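Working notes for the structure below.
Residue numbers (our numbering): 96 to 326.
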């Protein structure tokens, strides 16, 4: 099983476990993530998303599936739908990044409410080098989290964000030598608070002009896929 989940009290665990593909996802894996998010609520207050791979959180979309993607696929972009469901769930999500978060894997981490990083963490959005854009929320969420200047450095100039920069810039919490344990402790702390207060606080904080930007990401991606397929 490449995606599996379990519940401990009011804390859920969603594990990415496809080491042979560096946790890259295809349609079936995204469906599993979406199903897990739906199944855990409302029993769960906090969900910890982590990897069983030692050096990779998630390598993004499966390249084999991307090769056959059409402009229509890009316009609908199921990964954006799933990651937005993670972002907008009443559950608080904590992504444990102790390795590479690349492309869609980075976008999944950005969709989480909180990121906890280990010293081997690195975030990368390489899409512009492939003639496309980070359209599963990368352009929108990275800009919201760190501002347009850093977003341009990462998305346009291709600069990575390592563990130290992520912590320094406020993108992540330093997880020390055991980021998963740090995240679980934090999840227990959060889940000990009244669930309604947590869910409403998250909703108020997240109320912003996100929809327009996400729709723009999908539209641009569809155009770029059409151009790439025509060349």
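Ideal Cβ positions, reconstructed from N, Cα and C, are used throughout, including at glycine.
If you're wondering where the values come from, they're calculated on a predicted model, not measured in any experiment.
query	result
Closest by CA to residue 264, which one among 281, 246, 277?	246
Give the straight-line distance between the Cα atoms of residue 144 and residue 318, rounded to the nearest whole angstrom.	32 Å
Ordered along the chain, which non-local residues of its own chain (more than five positions away) have a Cβ less than 7 Å from that of residue 282?	106, 141, 143, 189
Can you name the residues that DSSP bridges to residue 257?	217
Using DSSP with H/G/I as helix, E/B as strand and the rest coil, what is residue 107?	strand
To the nearest angstrom, report how far apart residue 120 and residue 200 are at their CA atoms.	9 Å
Let me know the secondary structure DSSP gives residue 188 once reduced to three states.	strand
Does DSSP put residue 124 in a helix, in a strand, or in coil?	helix
Do you know how far the Cα of residue 288 is from the Cα of residue 139?	12 Å
Applying the 10 Å Cβ sphere with the 16-neighbour rule, what's the burial state of residue 150?	exposed
If you draw a straight line from the C-alpha of residue 173 to the C-alpha of residue 271, how long is it?	34 Å
If I follow the unbroken beta strand (DSSP E) through residue 145, where does it start and stop?	141-146
Drop a sphere of 10 angstroms on the beta-carbon of residue 299, count the other beta-carbons inside from all chains shown, and report buried for 16 or more, exposed for fewer.	exposed
What are the boundary residues of the beta strand (DSSP E) that residue 212 is part of?	209-212
Could you spell out the range, first to last residue, of the beta strand (DSSP E) harbouring residue 196?	195-197
If you follow the alpha helix (DSSP H) that residue 151 is part of, which residue opens it and which one closes it?	Taken as a continuous stretch (DSSP letters only), residue 151 belongs to no alpha helix (DSSP H), being part of the beta strand (DSSP E) at 151-153.
Could you tell me the alpha carbon to alpha carbon distance between residue 177 and residue 128, rounded to whole angstroms?	7 Å
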